[in-house]
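**Student:** I have a structure I would like to understand better, so I am pasting it below and will then ask my questions one at a time.
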Amino acid sequence: MSLFWRIFGLNAVVLGTATALLLWAPVTVSVPVVLTEAIILVGGLVVMLVANAALLRWGLAPLERLTKLMTTVDLLRPGQRLPVPAGGEVAELIRTFNAMLDRLEHERATSSARALLAQEAERRRIAQELHDEVGQSMTAILLALKRAADEAPPPLRDELQQAQEITRDSLDEVRRLVRRLRPGVLDDLGLISALTSLTSEFATHTGLRVVRRFDADLPPLEPETELVLYRVAQESLTNVARHADAKRVEVSLRRTDGAVELAIVDDGRGIRAAREGAGIRGMRERALLIGADLDIAPAPAAGTRVRLTAPVPRKQP
Numbered sequence: 001m002s003l004f005w006r007i008f009g010l011n012a013v014v015l016g017t018a019t020a021l022l023l024w025a026p027v028t029v030s031v032p033v034v035l036t037e038a039i040i041l042v043g044g045l046v047v048m049l050v051a052n053a054a055l056l057r058w059g060l061a062p063l064e065r066l067t068k069l070m071t072t073v074d075l076l077r078p079g080q081r082l083p084v085p086a087g088g089e090v091a092e093l094i095r096t097f098n099a100m101l102d103r104l105e106h107e108r109a110t111s112s113a114r115a116l117l118a119q120e121a122e123r124r125r126i127a128q129e130l131h132d133e134v135g136q137s138m139t140a141i142l143l144a145l146k147r148a149a150d151e152a153p154p155p156l157r158d159e160l161q162q163a164q165e166i167t168r169d170s171l172d173e174v175r176r177l178v179r180r181l182r183p184g185v186l187d188d189l190g191l192i193s194a195l196t197s198l199t200s201e202f203a204t205h206t207g208l209r210v211v212r213r214f215d216a217d218l219p220p221l222e223p224e225t226e227l228v229l230y231r232v233a234q235e236s237l238t239n240v241a242r243h244a245d246a247k248r249v250e251v252s253l254r255r256t257d258g259a260v261e262l263a264i265v266d267d268g269r270g271i272r273a274a275r276e277g278a279g280i281r282g283m284r285e286r287a288l289l290i291g292a293d294l295d296i297a298p299a300p301a302a303g304t305r306v307r308l309t310a311p312v313p314r315k316q317p
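Note that UniProt numbering gives residue 68 to position 68 of the sequence shown, counting from 1, and the numbers run on in steps of one.
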């Protein structure tokens, strides 16, 4: 039934019922109208309006659900769909909207994948240039300062040695930036070693206590999956250092049924704002890249828990 005939039918039911009551009810209207008759007429009108409103709300309920979904849908949380009624214009509208969401989610996932892959390629290029150009140049400067300090008189030697320390600290910072841009240990030694290195460096720079719980029998993962797991852990630890005001953070990586679960739990102030920043939305885009589920919620005791569940590829027969 179309929306027009649905509304027309509902109103026809209400008006027909009211007409039948007027025809068969032993009620007459005097001229002029007496108070009792006026009360009965007004009461009947109120009942008719209430019944009409209730029936219209029932008839337009699918449109209300569609409007609510339109205002709350988020392409970074795929799978939000409305059940399709039996038929009619409303069913066709909901079916079209669900199909539009399918196309938008597919296009968003495709464009996000291209953007993230381009971003990783650019990070790799910058890290390579920092390592090859800036790192080697600073190493040459450090060696030249050492030779000059060995041959300089005592007053100048102290200044040259101080310049050596500044240059050495700057070189360490460049190397740290290179590791953040492109974790070479991830390519060379795998995910467990990369996460161990990441958490150790995090504990050294922040002074927080880091507890690691890594399963030893993890299944083999695709390189893209390992990179997403590493980036989510990296962004989560960065958020802990910036916003959580925590003292302890636990990083776990374990095997579940057909998936690998990464969890980062801190004991800080917890997540409060409903509005998500660029960092969290970036993690959601990375999760969509590999078909993983990302859940960010308050921890059971205190703080925040970030959990990423990445599917494991099936073995080919």
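All C-beta atoms in this analysis are idealised placements derived from N, C-alpha and C, irrespective of residue type, glycine included.
How many whole angstroms separate the CB atoms of residue 398 and G270, which I take to be in contact at a CB cut-off of 8 Å?
**Tutor:** Lying outside 1 to 317, the shown extent of the chain, residue 398 is not represented and no answer is given.
**Student:** Measure the CB-CB distance between A259 and P220 and report whether it falls below 7 Å.
**Tutor:** Not in contact: A259 and P220 (Cβ atoms no closer than 7 Å).
**Student:** Please state whether the Cβ-Cβ distance between A244 and D215 is less than 7 Å.
**Tutor:** No, they are not a contact pair.
**Student:** Should the stretch 167-180 be regarded as contacting the stretch 119-132, the criterion being three or more beta carbon pairs within less than 8 Å?
**Tutor:** Cβ pair count under 8 Å is three or more, so yes.
**Student:** Can the beta-carbon of A233 be found less than 7 Å from the beta-carbon of L195?
**Tutor:** Taking 7 Å as the Cβ cut-off, A233 and L195 qualify as a contacting pair.
**Student:** First and last residue of the alpha helix (DSSP H) that includes P155?
**Tutor:** Element bounds for P155: P154 to L181.
**Student:** Take the Cβ of S236 as the centre, count every other Cβ of all protein chains shown within 10 Å, and call the residue buried at 16 or more, exposed below.
**Tutor:** Buried is the call here.
**Student:** Contact check, A228 vs A292 under 8 Å by CB: the rounded distance?
**Tutor:** At residue 228 the sequence reads Val, which differs from the Ala that was named. Right, their Cβ atoms sit about 7 Å apart.
**Student:** V228 by DSSP, collapsed to three states: which one?
**Tutor:** In the structure shown, V228 sits in a helix (DSSP, three-state: H, G or I).
**Student:** Would L66 pass as a contact of I94 if the rule is Cβ separation under 7 Å?
**Tutor:** Going by C-beta atoms, L66 is nearer than 7 Å to I94.
**Student:** Give me the residue from R248, V240 and L191 with the minimum Cα distance to I296.
**Tutor:** It is V240.
**Student:** With a CB to CB cut of under 7 Å and the five nearest residues on each side skipped, what residues in its chain are close to R286?
**Tutor:** Correct list, in chain order: L116, V228, R231 and V232.
**Student:** Do V210 and V249 count as a contact pair if the criterion is CB distance below 7 Å?
**Tutor:** Yes, these two residues count as a Cβ contact at 7 Å.
**Student:** Rounded to the nearest angstrom, what separates A20 and V14 at their Cα positions?
**Tutor:** So the alpha carbons of these two residues sit roughly 10 Å apart.
**Student:** Could you check the C-alpha separation between F97 and E107 for me, to the nearest Å?
**Tutor:** Answer to the nearest angstrom: the Cα atoms are 15 Å apart.
**Student:** Give the DSSP bridge partners of D293, in chain order.
**Tutor:** T309, per the DSSP bridge assignment.
**Student:** Assign T225 to buried or exposed, taking buried as 16 or more other Cβ atoms, counted over all protein chains shown, within 10 Å of its Cβ.
**Tutor:** T225 is buried by the Cβ-count criterion.
**Student:** Going by the CB atoms, is the gap between A152 and L143 shorter than 7 Å?
**Tutor:** It is not a contact, given that the beta carbons lie outside the stated cut-off.
**Student:** Looking only at its own chain, which residues have a Cβ that is under 8 Å from the Cβ of M70, when we skip the five neighbours before and after it?
**Tutor:** Cβ neighbours of M70 beyond the five flanking positions: F97.
**Student:** Checking 7 Å against the spacing of the C-beta atoms, do R123 and L60 come in under that value?
**Tutor:** The answer is no: Cβ separation not under 7 Å.
**Student:** What are the start and end residues of the beta strand (DSSP E) that includes A244?
**Tutor:** Segment: none, A244 is in no beta strand (DSSP E) and carries neither H nor E.
**Student:** Establish whether the CB of I192 and some CB of chain C are separated by less than 7 Å.
**Tutor:** Absent from the structure is chain C; it holds one protein chain and no more.
**Student:** Look at A263 and R307 and say whether their C-beta atoms are less than 7 Å apart.
**Tutor:** It is a contact, given that the beta carbons lie within the stated cut-off.
**Student:** Let me check understanding here. Comparing Cα to Cα, which of L45, V46, V47 and V84 lies closest to residue 318?
**Tutor:** Only positions 1 to 317 of the chain appear in the structure, and residue 318 is not among them; the question remains open.
**Student:** Using CA coordinates, which residue listed in M100, R255, T139 and N52 is at the minimum distance from V73?
**Tutor:** If we check each option's Cα against that of V73, M100 comes out closest.
**Student:** Can you check which of these residues, E105, A54 and R212, is closest to I7 by C-alpha distance?
**Tutor:** Per the Cα distances, A54.
**Student:** Would you kindly check if the distance between the Cβ of A109 and the Cβ of V178 is under 7 Å?
**Tutor:** Cβ distance not < 7 Å, so V178 and A109 don't count as in contact.
**Student:** May I have the straight-line CA-CA distance separating A274 from P313, to the nearest angstrom?
**Tutor:** Residue confidence for A274 is low, a pLDDT of 47 falling below 50, so the modelled location carries little weight; the figure read from the coordinates is stated next. Looking at the two C-alpha atoms, the distance is approximately 33 Å.
**Student:** Roughly how many angstroms separate the alpha carbons of I39 and P300, rounded to a whole number?
**Tutor:** Approximately 60 Å, taken between the alpha carbons.
**Student:** Under 7 Å between the Cβ atoms of T167 and I141?
**Tutor:** In this structure, I141 lies closer than 7 Å to T167 by Cβ.
**Student:** Measure the Cβ-Cβ separation of L145 and Q162 and say whether it is below 7 Å.
**Tutor:** The answer is no: Cβ separation not under 7 Å.
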